[in-house]
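Position in the sequence shown counted from 1, then plus 3, gives you this note's numbering.
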Amino acid sequence: MTTWIERRDNLRRDKKGRHEKPHKPVVLLTVLDLVERGELTGNRIAFTPELVDRYKEIFEVVAGESDRPNIHLPLYHLSGDGFWHHVP
4 MTTWIERRDN
14 LRRDKKGRHE
24 KPHKPVVLLT
34 VLDLVERGEL
44 TGNRIAFTPE
54 LVDRYKEIFE
64 VVAGESDRPN
74 IHLPLYHLSG
84 DGFWHHVP
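Here's what the structure looks like:
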């Protein structure tokens, strides 16, 4: 059984040169932060203003010059890394 730590360590990230894109880790931090604050409950992650705003706040801290704060694709693609399932 794969642990959450192993999933984090094996996270597939886009890489431009030597710079790994921060999008997926920032999505994970955003979700964990909203759960800890009690703003995200249950087993569904919706595109709420709170989710997007918090993502952008964290993203600004770690983003490189060429990074853009797009949350949609990394949120979807984290399902391929085993963090959750996409339900349309």
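Glycine included, each C-beta is placed from N, C-alpha and C at the ideal position.
Query	Result
Distance, Cα to Cα, Asp36 vs Val30?	10 Å
Where do the ends of the alpha helix (DSSP H) carrying Arg57 lie?	Pro52 to Val65
Please report the straight-line C-alpha distance between Glu42 and Lys19, rounded to a whole angstrom.	34 Å
Would you say Thr51 reaches chain D, if we count a Cβ-Cβ gap shorter than 8 Å as a contact?	Of the chains in the structure shown, none is chain D; there is only one protein chain.
Suppose you measure from the CA of His26 to the CA of Ile8; what does that come to, to the nearest Å?	18 Å
Within 10 angstroms of its Cβ, does Thr44 collect 16 or more other Cβ (buried), or is it exposed?	exposed
For His22, which residues does DSSP report across the bridge?	Lys19
Distance, Cα to Cα, Asp56 vs Ala49?	13 Å
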